[in-house]
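Enquirer: If you count the sequence shown from 1, you need to add 393 to reach this note's numbering.
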Amino acid sequence: MRTILFLMSLLLSIGGYAGQKYEVKGKVTDATTKLALNAVVVTNVQTKESTSTDRDGNYRIEAEAGKTILEFSYLGYITQRVEVKRKSKVDVAMVQDNRTLDEVVVRGYTPKAKQSVVGSAQMVATLSGQVASLNIRRMAYVPDQNQESYQKIKENKFINPLKEPLSTFAADVDAASYSNVRRFINAGSLPDKDAVRVEEMINYFQYRVAGPKNGEPVNIVTELTKAPWNNAHQLMRVTLKAKDIPTDKLKASNLVFLIDVSGSMMGPGRLPLVKSSLKMLVDQLRDIDRVAIVTYAGSAGVKLESTSGSQKMKIKTAIDELEAGGSTAGAAGIKKAYEIARQNLVKGGNNRIILASDGDFNVGESDDESMEELIGKESKSGVFLTVLGYGMGNLKDSKMEILADKGHGNYAYIDNISEARKAMVTEFGGTLFTVAKDVKIQVEFNPNYVQAYRLVGYENRLLEAEDFNNDQKMGGDMGVGHMVTALYEIVPVGVSSTMVGTVDPLKYQQNSTKYIEVRGNGELATVKFRYKEPEGEKSKLQQQVVPTEVTDLNKVSEDLRFATAVAELGLLLRDSDFKQQANFDRLIARAKTAKGADDEGYRAEFIRMAENARDLSKTKL
């Protein structure tokens, strides 16, 4: 009997030991240069939990006593697996994969043999034949990216200011496209061209712009230089900078976490990353803030009633208990979340729903028009909507973008834990606290100096000229410290350009093609913008003149030089009709000279991403 009791207690102790959790931390470096590697993906193979290294190469991840294997993966380097063996510190030196430049990965597909996977489809890809003169590496499982959806982008064209002197658009600070593009490139492939929204790539970065003065919520900054992809053209920068507010001065928050726990959210990069992201946000909450949790799969339910930010452990426990499975009744979840938000409305406070999903709604109201109508109706309650996109292979980017636009909020794509930290910690105020809503920009160009102009990006944000003064028409929204940057490519008067089209003289009316003397000589353009206070319905107007003086590209601000590099990469990735002499090597060299202090390492990461995109473009079949 004693022997049996002893064995039972021994087994229990072993089981308890095996289930014990502890933290593993370490640093990842390049084996040759000894330099730290930023954004290396670190995955616990057993639990599928993942994180990524910071700009100093450091990481932290949870492990369990017993056999724990960590996988370290990074584009251009050989993936490594390390058995932890109860060690609390594991440093890794990664070796560059010399095959990156001289090996083409060929994805030759026989008819799809689908693997049974709950929630998201993966495709078993096998090579069907040989390709001469290429070193072919077999790919076992390839995510079926045909399930992803992006809104078709019809690029802006050059416009004659004699015919259309006004350019009007909704100022928007979404940056989801950049992290989504990065996800593609880090996975070793070039993105779908409609996944590349150039304005969102530009607005991913923070620029060194002074905040507004005299109580205004936004400051305007402009610059004019030569376009790097066509020296005969000019490039005009317009940047709006929202005011900064210290965290302790921010209004109380009434938040509802609306979490997709359907089957499509299973697997790494989905629900596990959602949990890690939201727990970071919970750590930023103050006692005056409140959080409720609504989940949806086949139906919607309340996981946690509105709870004070002082009860962080209770909120985190509710998050940790979430599991994925079932269909996706997104509309039901949205309705329930708005209902809970209205019940706990903080007058004069920050009332916001934070939706975490891949956007794959398939039960009830699910098409884009229905969702647009639903959100448009619910947003009138004074509750804002922040959208966080997760996952790959079935990301419904177009739907997520619509939800954020109609919900007076912003849209971010979270591809790794570093991006989660950026959205939830580094840019906490901008993500959650709106300082100006329905922000619209209108630029009037002077035809004495401008033969033609083109807005780079913002194709999905264009407005009619008369919408600018119409307070019933929605604009974009700006959070605490947020910036909106727009670039205009300009063909100066007197410059011959293939980008400017011509038509035959009109037969039945007078031809107005001559440039006439108008008021405002010495002024290239006038920039106007309108905005409303977060709780206001009447817009206010600010404006600023852009002078005609052109500054050489090597003498403009680091910010503009870097922004031109980001825009140029976007043009190349889109294979834009307007890329002209855009060039990978030149944009990379320019970005390196404009990296500046780069405290968070985002600009250095962009340079590596551009280099990888250049290498991938060379191997494109």
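For each residue, glycine too, the CB sits at the ideal point set by N, CA and C.
1) I need the DSSP call for residue 1000, collapsed to helix, strand or coil.
2) With residue 338 as the anchor, note down where its beta strand (DSSP E) starts and where it stops.
3) Return the chain-ordered list of same chain residues with a C-beta closer than 6 Å to the C-beta of residue 794, the five sequence neighbours on each side being excluded.
4) Where does residue 667 fall in DSSP's three states?
5) Out of 832, 979, 842 and 801, which has the shortest C-alpha to C-alpha gap to residue 856?
6) Which residues in the same chain have their Cβ closer than 6 Å to the Cβ of residue 945, if we skip the five residues on either side of it in sequence?
7) Would you identify the three-state DSSP class for residue 453, choosing helix, strand or coil?
8) Measure the alpha-carbon distance for residue 762 versus residue 846 and round it to whole angstroms.
9) Assuming residue 834 is part of the beta strand (DSSP E), what are its boundary residues?
10) From residue 986 to residue 958, what does the alpha carbon distance come to, in whole angstroms?
11) Measure the CB-CB distance between residue 871 and residue 566 and report whether it falls below 8 Å.
12) Bridge partners of residue 560, per DSSP?
13) Any idea which residues DSSP pairs residue 777 with across the strands?
14) Which same chain residues end up closer than 6 Å to residue 964 when comparing Cβ atoms and leaving out the 5 residues on each side of it in sequence?
15) Return the CA-CA distance between residue 808 and residue 618, expressed in angstroms with no decimal places.
16) Note the first and the last residue of the continuous alpha helix (DSSP H) segment covering residue 726.
17) Across the stretch 684-701 and the stretch 629-642, are there enough close Cβ pairs to call them in contact, namely three or more that are closer than 8 Å?
18) Across which residues does DSSP place residue 807 in a beta bridge pair?
19) By Cβ distance, which residues of its chain are closer than 7 Å to residue 874, with the 5 residues on each side in sequence left out?
20) Within the same chain, show all residues whose beta-carbon is closer than 8 Å to that of residue 422, passing over the 5 residues directly before and after it, in chain order.
21) Which residue or residues does DSSP assign as beta-bridge partners of residue 653?
22) According to DSSP, residue 487 sits in a beta bridge with which residue or residues?
23) Have a look at residue 962 and residue 878 and give me their C-alpha separation to the nearest angstrom.
24) Please name the residue or residues paired with residue 443 in a DSSP beta bridge.
25) Say whether chain C places a C-beta atom closer than 8 Å to the C-beta of residue 800.
26) Cα separation between residue 454 and residue 772?
27) For residue 356, which residues in the same chain have their Cβ closer than 8 Å to its Cβ, ignoring the five residues on either side in sequence?
28) Between residue 726 and residue 780, how many whole angstroms is the CB-CB distance? I'm expecting something under 8 Å.
29) Measure the alpha-carbon distance for residue 829 versus residue 616 and round it to whole angstroms.
30) Could you check which residue in 705, 999 and 827 has the C-alpha nearest to that of residue 977?
31) Just grab the DSSP bridge partners of residue 936 for me.
32) Quick check on the DSSP output: the beta strand (DSSP E) that includes residue 635 runs from which residue to which?
33) I think residue 595 touches residue 645, with their Cβ atoms under 8 Å apart; what is that distance to the nearest whole Å?
34) Which one of 555, 711, 806 and 818 has the shortest CA to CA distance from residue 886?
35) Would you call the CB atoms of residue 880 and residue 990 closer than 8 Å?
36) Locate the beta strand (DSSP E) running through residue 574, then write down its first and last residues.
Expert: If we stick to the structure as given:
1) Residue 1000 falls in the helix class under three-state DSSP.
2) The question about residue 338 has no answer here: the residues shown for the chain are numbered 394 through 1014.
3) Correct list, in chain order: 804.
4) Residue 667 falls in the helix class under three-state DSSP.
5) Ranking 832, 979, 842 and 801 by Cα distance to residue 856 puts 832 first.
6) Cβ neighbours of residue 945 beyond the five flanking positions: none.
7) Three-state result, residue 453: strand.
8) If you take the alpha carbons of residue 762 and residue 846, they lie about 32 Å apart.
9) Where residue 834 is concerned, the enclosing beta strand (DSSP E) starts and stops at 827-838.
10) Whole-angstrom Cα-Cα distance: 11 Å.
11) Going by beta carbons, residue 871 and residue 566 fall inside the 8 Å limit.
12) Paired residue(s): 836.
13) According to the DSSP secondary-structure assignment, residue 777 is paired through a beta bridge with 745.
14) 972 and 975.
15) In this structure, the CA atom of residue 808 is about 34 Å from the CA atom of residue 618.
16) Counting along the chain, the alpha helix (DSSP H) containing residue 726 begins and ends at 723-736.
17) Contact fails: fewer than three Cβ-Cβ distances are below 8 Å.
18) Bridge partners of residue 807: none, in fact.
19) The residues 635, 637, 822 and 823, in chain order, have a CB closer than 7 Å to that of residue 874 in the same chain once the five nearest residues on each side in sequence are set aside.
20) Around residue 422: 428, 429, 430, 450, 484, 485, 486 and 487.
21) Paired residues: 689.
22) Answer by DSSP bridge pairing, in chain order: 423.
23) When rounded, the distance between both Cα atoms is 16 Å.
24) According to DSSP, residue 443 bridges with 436.
25) The structure shown contains no chain C; it holds only a single protein chain.
26) The C-alpha of residue 454 lies about 38 Å from the C-alpha of residue 772.
27) In the structure as shown, the chain begins at 394 and stops at 1014. Residue 356 is therefore absent and cannot be evaluated.
28) The pair is not a contact, with the Cβ atoms about 13 Å apart (cut-off 8 Å).
29) CA-to-CA, the gap between residue 829 and residue 616 works out to about 23 Å.
30) Minimum Cα-Cα distance from residue 977 among the listed residues 705, 999 and 827 corresponds to 999.
31) According to DSSP, which records beta bridges pairwise, residue 936 is partnered with 921.
32) Run containing residue 635: 623-635, per the beta strand (DSSP E) assignment.
33) About 33 Å; that fails the 8 Å criterion.
34) Out of 555, 711, 806 and 818, 555 has the C-alpha closest to the C-alpha of residue 886.
35) Contact check for residue 880 against residue 990 fails: the beta carbons are separated by 8 Å or more.
36) Looking at the DSSP string, residue 574 is not in any beta strand (DSSP E); the run it does join, the alpha helix (DSSP H), is 569-579.
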